[in-house]
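Student: Below you will find the structure I want to go over with you.
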Amino acid sequence: MVAIPVGELRPQARTSPGQHWLTDLLASLPPSDIAPLASRQRQAREALAAVPLPSRRQETWRFTDAAAIPLIPAHPLEAPSAPIALPAPQPGVLRLVLDGRRDPLAGLTLPAGLERLAPAELEPLLGGSLAANGAAGTWPVLLNGALATPVLALRVGLALPTVLELVSDTGAATGVLGLRVLLVLEAGASLEVLEVHRARGASLTSVVVEARLGPNARLRHGLLAQGQAPQPGSIEPAGSAPAAPVLLHHLAVVQDPASELELIAAVSGFGLARLEPLVVQSSGAAFTRLRGLQRVDGSQVADTHSRVLFAGPDGRLDQVHKALADGAGRSVFNGAVIVPREAQRTDAAQLSRSLLLSDRARIDTKPELEIVADDVRCAHGATVSRLQQDELFYLQSRGIAADQAARLLLRGFCEEVLADLPAPASLWRPLQALMGEDPLR
Amino acid sequence: MIRSDAPVLLEIRDLRASVEEQPILKGVSLTIRAGEIHAVMGRNGSGKSTLSKVLAGHPAYRVIGGSVLYRGEDLLALEPEQRARIGLFLGFQYPVEIPGVSNLEFLRVATNARRQQQGHDELDTFAFEDLVHERLKVVQMDPAFLERSVNEGFSGGEKKRNEILQMALLEPLVAILDETDSGLDIDALRIVAGGVNHLASADNATLLITHYQRLLDVITPDYVHVMAAGRILRTGGKELALELEESGYDWVDAEIERLEATLAPGIALEVG
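Put into structure tokens, the structure is as follows:
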């Protein structure tokens with residue numbers, strides 16, 4: 024347990040307002056006392072002080088305005104005044120509520136094939152997938168390392184029939200929450216995960232999920248990021264809008280040969296949401312399927328930066344990313360696919376489809392293919408369009424009013440991704456949440 | 015079936031329309047009564063598909079003159095969806111694929127929009143399923159197509175069957191079928207034509223837009239109109255279609271030239 028003197032955290036040179044925010048945040052954090060995490064946390068806090076906050080001066084944040092981050096109150100997430108009401112889990116679902124405080128496994132009997140990793144097992148594994156994906160030193164990951172004390176670390180030894188639901192809901196609380204998960208799927212194991220993050224206050228949820236897929240393992244991972252614009256309250260100065268919630272999410276996966284990863288992510292409602300799905304096929308010969316859907320409205324920013332590295336031959340990737348941009352929202356997609364010399368016979372396809380629904384919205388989409396191997400198939404395509412006049416007219420010509428026709432088309436656009444979510448996702452009304460029309464919340 | 019005392023369903027008078035400032039329809043007049051089947055024939059670019067889209071209200075086409083009365087009501091003043099609800103139907107030459115929207119739901123929403131207009135109750139999911147399964151028989155369509163996205167991955171023939179299925183559900187008073195025969199093999203053509211014949215009655219009317227005689231071998235028209243350069247050049251009975259089949263469209267050019275010369279001396283011929 025080491026308390027870091029605040030003075031040491033201040034950068035030597037210029038200090039920006041963002042850096043002050045960070046200093047205040049770090050000073051407000053309790054020191055960790057959980058071995059072996061305490062020393063990692065100290066290292067992350069030290070490293071973080073030397074890395075500038077994300078800004079558009081950095082290449083990977085070039086199109087993404089991160090100004091929402093330092094608007095979040097610089098303290099750990101306040102405890103909710105009342106417990107957050109969540110819909111009752113569906114049968115066959117093991118729900119773990121992550122609040123950064125309590126041990127989500129406390130008092131639970133885990134189903135056969137699922138077990139908690141002991142601290143001694145955790146130590147060598149933690150951070151491995153991040154490092155393999157080259158993400159260990161990025162600002163959001165360091166922030167998470169500085170924040171997250173408990174790590175939910177699970178090992179799956181067989182084909183688990185239970186769907187693992189990981190839920191965080193910060194409600195209207197303000198402050199910064201760090202969540203850290205490590206999943207180890209042994210050879211031949213399979214797991215369905217549904218991750219749900221909800222927020223509607225001036226909060227920053229920092230999530231890092233690492234996964235390690237052994238040979239023939241299968242992970243189907245649904246991610247619902249359901250933010251909501253905060254209701255105007257009394258804490259803000261008159262006339263200024265309350266700060267909108269922020270989500271910074273990393274999923275870092277290492278896949279052994281013959282393993283399968285499927286990620287289906289649906290993101291909406293956050294002032295800033297940044298998703299970084301990162302995958303390494305450690306020896307190639309694995310299958311990665313990525314599906315992403317994000318919607319922005321108002322002044323929201325949603326950014327997906329994915330990266331898939333084939334470190335061996337015969338790997339496959341099937342990626343579709345979709346975006347809807349309305350209001351004055353900004354949507355960013357950057358899809359890196361890296362095929363080095365040893366990754367012969369890689370078969371990768373990436374498609375980005377975006378709908379621009381307003382003149383003030385903006386979409387930046389960029390495939391980023393680095394291909395050195397010569398015997399590969401790498402297809403990519405990107406379209407940005409408005410709703411198709413011919414599709415609208417076809418529906419209208421069948422008696423469907425223009426606004427209803429537009430809604431049907433948008434729903435169809437979204438359903439193509441949402442239909443792939445693990446079945447228990449329906450509980451969270453993914454379409455309604457995405458379109459900002461969920462009456463239950 | 016021609017009955018001179020049958021009510022007029024569609025009255026097109028001197029209709030002129032343009033797309034991207036290019037005039038395409040240059041004065042089309044046509045009267046359609048209940049019980050009649052009309053065929054509009056013509057070469058590519060004659061304006062026959064434009065006529066169908068203008069009647070259905072496609073936003074890319076601008077009406078620059080003339081009028082269209084549907085049962086006495088100004089059709090051109092209505093939004094496309096309103097035209098459909100009161101009983102006008104356009105069977106598309108190229109039915110649009112709509113990924114992610116279930117065909118069954120699309121058909122239900124469309125059917126209920128029409129029913130509501132007619133003062134009928136909306137059908138719930140179960141009642142609609144009964145209706146749609148009954149109407150599937152009209153076009154001998156596999157129910158599996160209901161579960162798929164609208165027209166997505168359908169073959170040409172399946173798309174056209176889906177169009178006629180929509181027609182069977184919406185029960186229009188005026189059905190305009192734009193090149194319904196294109197892309198169909200002979201078996202599919204028979205099934206689609208059989209569906210159209212089945213739906214034709216003394217109370218409704220059909221306007222077939224076609225390039226070829228072969229559709230008219232299976233659906234017998236009461237009137238055949240030959241269209242060229244945005245006008246109807248000649249109107250006759252079903253024998254006119256046979257005549258066209260024999261002589262081709264070459265006589266059309268000479269007639270158009272003569273017509274253009276009398277209408278606007280000194281202005282070069284525009285074949286739209």
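If you read the sequences in order, they're chains D and L. Heads up: the first sequence begins at 24 in the numbering used here, then just goes up one per residue. Heads up: the second sequence begins at 15 in the numbering used here, then just goes up one per residue. Even glycine gets a Cβ: it sits at the ideal position worked out from N, Cα and C. These figures come from a predicted structure and were not determined experimentally.
Short of 9 angstroms Cβ to Cβ, which residues in the stretch 415-429 of chain D face chain A?
Tutor: As a matter of chain content, chain A is missing from the structure shown, whose protein chains are D and L.
Student: Thinking C-beta only, is LEU247 of chain D closer than 8 angstroms to GLN278 of chain D?
Tutor: One-based indexing of the first sequence puts residue 278 of chain D at position 255. One-based indexing of the first sequence puts residue 247 of chain D at position 224. No, they are not a contact pair.
Student: If we cut at 8 angstroms on Cβ distances, does PHE106 of chain L have a partner in chain D?
Tutor: One-based indexing of the second sequence puts residue 106 of chain L at position 92. Chain D contact via Cβ: present.
Student: Would you report the Cα separation of ALA219 of chain L and TYR84 of chain L, rounded to the nearest angstrom?
Tutor: Within the second sequence, residue 219 of chain L is the residue found at index 205, counting from 1. Within the second sequence, residue 84 of chain L is the residue found at index 70, counting from 1. C-alpha separation (whole angstroms): 12 angstroms.
Student: 8 angstroms is my cut-off, CB to CB: does ILE122 of chain L come that close to chain D?
Tutor: Numbered from its first residue, the second sequence carries residue 122 of chain L at position 108. With the sequence shown as reference, residue 122 of chain L is identified as Arg, and Ile is not the correct amino acid for it. It does not: the Cβ of ARG122 of chain L has no partner Cβ on chain D nearer than 8 angstroms.
Student: Any beta carbon from chain D within less than 8 angstroms of GLY251 of chain L's own beta carbon?
Tutor: The sequence position of residue 251 of chain L within the second sequence is 237, counting from 1. GLY251 of chain L does not count as touching chain D.
Student: Hey, out of L:TYR263, L:GLU259 and L:ASP236, whose CA is closest to LEU247 of chain L's CA?
Tutor: By one-based count along the second sequence, residue 247 of chain L stands at place 233. Nearest C-alpha to LEU247 of chain L: L:TYR263.
Student: What in chain D is Cβ-close to GLU95 of chain L, meaning under 9 angstroms?
Tutor: As a first step, residue 95 of chain L must be located in the second sequence, where it is residue number 81. Chain D residues near GLU95 of chain L: LEU418, GLN419, SER420, ARG421, GLY422, ILE423, ALA424, ALA425, GLN427 and ALA428.
Student: Given a threshold of 16 other Cβ atoms within 10 Å of its Cβ, counted over all protein chains shown, does HIS212 of chain L qualify as buried or as exposed?
Tutor: Along the second sequence, read from residue 1 onward, the residue named residue 212 of chain L stands at position 198. When all chains shown are included, HIS212 of chain L counts as exposed.
Student: So, is the C-beta of GLU439 of chain D closer than 8 angstroms to a C-beta in chain L?
Tutor: For this step, residue 439 of chain D is matched to residue 416 along the first sequence. Closer than 8 angstroms: yes.
Student: Taking its Cβ as the centre, do 16 or more other Cβ atoms sit within 10 Å of VAL395 of chain D, making it buried, or is it exposed?
Tutor: As a working mapping, residue 395 of chain D is identified with position 372 in the first sequence. Its Cβ having fewer than 16 others within 10 Å, VAL395 of chain D is exposed.
Student: Would you say PHE436 of chain D reaches chain L, if we count a Cβ-Cβ gap shorter than 8 angstroms as a contact?
Tutor: Stepping through the first sequence from its first residue, residue 436 of chain D is reached at position 413. Yes, PHE436 of chain D counts as interfacial toward chain L.
Student: Please list, in chain order, all residues of the same chain as ILE423 of chain D whose beta carbon is under 8 angstroms from its beta carbon, the five residues on each side excluded.
Tutor: As a working mapping, residue 423 of chain D is identified with position 400 in the first sequence. LEU431.
Student: Which class does MET15 of chain L belong to by DSSP, given the choice of helix, strand or coil?
Tutor: The sequence position of residue 15 of chain L within the second sequence is 1, counting from 1. If DSSP states are grouped into helix, strand and coil, MET15 of chain L belongs with coil.
Student: Go ahead and label ASN58 of chain L buried or exposed: buried means 16 or more other beta carbons lie within 10 angstroms of its beta carbon, across all protein chains shown.
Tutor: Stepping through the second sequence from its first residue, residue 58 of chain L is reached at position 44. Looking at its Cβ environment, which holds fewer than 16 other Cβ atoms inside 10 Å, ASN58 of chain L is exposed.
Student: Under a CB-based cut-off of 8 angstroms, is PRO115 of chain L close to chain D?
Tutor: For this step, residue 115 of chain L is matched to residue 101 along the second sequence. In the sequence as displayed, the identity of residue 115 of chain L is Val instead of Pro. So yes, VAL115 of chain L belongs to the interface.
Student: Quick check: is the beta carbon of ASP413 of chain D nearer than 8 angstroms to any beta carbon in chain L?
Tutor: Taking the first residue of the first sequence as position 1, residue 413 of chain D is located at position 390. Yes, ASP413 of chain D counts as interfacial toward chain L.
Student: Kindly provide the ranges of any alpha helix (DSSP H) runs that are 4 or more residues long and lie completely inside the stretch 49-131 of chain L, ordered along the chain.
Tutor: If we require 4 residues or more, the alpha helix (DSSP H) runs fully inside the stretch 49-131 of chain L come out as 62-70, 94-99 and 117-131.
Student: Would you kindly work out how many angstroms separate the C-alpha atoms of VAL164 of chain D and VAL231 of chain D, rounded to a whole number?
Tutor: Mapped onto the first sequence, residue 164 of chain D falls at position 141. Mapped onto the first sequence, residue 231 of chain D falls at position 208. So the alpha carbons of these two residues sit roughly 7 angstroms apart.
Student: Spell out a yes or no on whether the stretch 389-406 of chain D and the stretch 86-93 of chain L are touching, meaning 3 or more CB-CB pairs, one atom from each, closer than 8 angstroms.
Tutor: Cβ pair count under 8 angstroms is below three, so no.
Student: Could you check where the alpha helix (DSSP H) with PRO147 of chain D kicks off and where it finishes?
Tutor: On the first sequence, position 124 is the one that residue 147 of chain D refers to. Taken as a continuous stretch (DSSP letters only), the alpha helix (DSSP H) holding PRO147 of chain D covers 142-148.
Student: Could you check what DSSP says for PRO34 of chain D in three-state terms: helix, strand or coil?
Tutor: Stepping through the first sequence from its first residue, residue 34 of chain D is reached at position 11. With a pLDDT of 45 at PRO34 of chain D, under the threshold of 50, the modelled position of this residue cannot be trusted; read the value that follows with caution. In the structure shown, PRO34 of chain D sits in coil (DSSP, three-state: anything other than H, G, I, E or B).
Student: Going along chain L in order, which residues have a C-beta closer than 9 angstroms to the C-beta of LEU432 of chain D?
Tutor: Here the question's residue 432 of chain D lines up with position 409 in the first sequence. In chain order: ILE112, GLY114 and VAL115.
Student: Helix, strand or coil for PRO390 of chain D? Go by DSSP, reduced to three states.
Tutor: As a working note, residue 390 of chain D is residue 367 in the first sequence. PRO390 of chain D falls in the strand class under three-state DSSP.
Student: The ligand GTP heavy atoms versus the CB of GLY61 of chain L: any closer than 7 angstroms?
Tutor: Because no ligand of any kind appears in the structure shown, any question about the ligand GTP cannot be addressed here.
Student: Any beta-carbon of chain D closer than 8 angstroms to the one on SER163 of chain L?
Tutor: Here the question's residue 163 of chain L lines up with position 149 in the second sequence. Yes, SER163 of chain L lies at the interface with chain D (some Cβ there is under 8 angstroms from its Cβ).
Student: Can you tell me where the alpha helix (DSSP H) with ARG149 of chain L in it begins and where it stops?
Tutor: On the second sequence, position 135 is the one that residue 149 of chain L refers to. Note, ARG149 of chain L: alpha helix (DSSP H), 139-150.
Student: How many whole angstroms separate the CB atoms of ASP231 of chain L and PHE106 of chain L, which I take to be in contact at a CB cut-off of 8 angstroms?
Tutor: Residue 231 of chain L sits at position 217 when you count from the first residue of the second sequence. Residue 106 of chain L sits at position 92 when you count from the first residue of the second sequence. 22 angstroms between Cβ atoms; not a contact.
Student: Taking just the CA atoms, how far does ILE95 of chain D sit from LEU45 of chain D?
Tutor: Counting from one through the first sequence, the residue named residue 45 of chain D turns up at place 22. Counting from one through the first sequence, the residue named residue 95 of chain D turns up at place 72. Taking the straight line from one Cα to the other gives about 11 angstroms.
Student: Please state whether DSSP places VAL210 of chain L in a helix, a strand or coil.
Tutor: Position 196 of the second sequence, counted from the first residue, corresponds to residue 210 of chain L. Of the three classes helix, strand and coil, the one that applies to VAL210 of chain L here is helix, per DSSP.
Student: By the criterion of Cβ-Cβ separation under 7 angstroms, what are the contact partners of HIS134 of chain L in chain D?
Tutor: As a working note, residue 134 of chain L is residue 120 in the second sequence. The premise fails here: HIS134 of chain L is roughly 13 angstroms from chain D at the closest Cβ pair, so nothing lies under 7 angstroms.
Student: Quick one, which of L:ILE233, L:SER32 and L:MET15 has its alpha-carbon nearest ILE46 of chain L's?
Tutor: For this step, residue 46 of chain L is matched to residue 32 along the second sequence. Checked all of L:ILE233, L:SER32 and L:MET15; the closest Cα to ILE46 of chain L is L:MET15.
Student: From HIS98 of chain D to ALA158 of chain D, what distance separates their C-alpha atoms?
Tutor: Within the first sequence, residue 98 of chain D is the residue found at index 75, counting from 1. Within the first sequence, residue 158 of chain D is the residue found at index 135, counting from 1. Approximately 25 angstroms, taken between the alpha carbons.
Student: May I ask you to report which of helix, strand or coil DSSP gives SER261 of chain L?
Tutor: Stepping through the second sequence from its first residue, residue 261 of chain L is reached at position 247. SER261 of chain L: helix per DSSP, three-state reduction.
Student: Which of helix, strand or coil does DSSP assign to ASN465 of chain D?
Tutor: Outside the displayed span of chain D (24 to 464) sits residue 465 of chain D, for which this structure offers no information.
Student: Using 8 angstroms as the threshold, is the C-beta distance between VAL319 of chain D and ALA348 of chain D below it?
Tutor: In the first sequence, counting from the first residue as 1, residue 319 of chain D sits at position 296. In the first sequence, counting from the first residue as 1, residue 348 of chain D sits at position 325. For VAL319 of chain D and ALA348 of chain D, yes; Cβs fall inside 8 angstroms.
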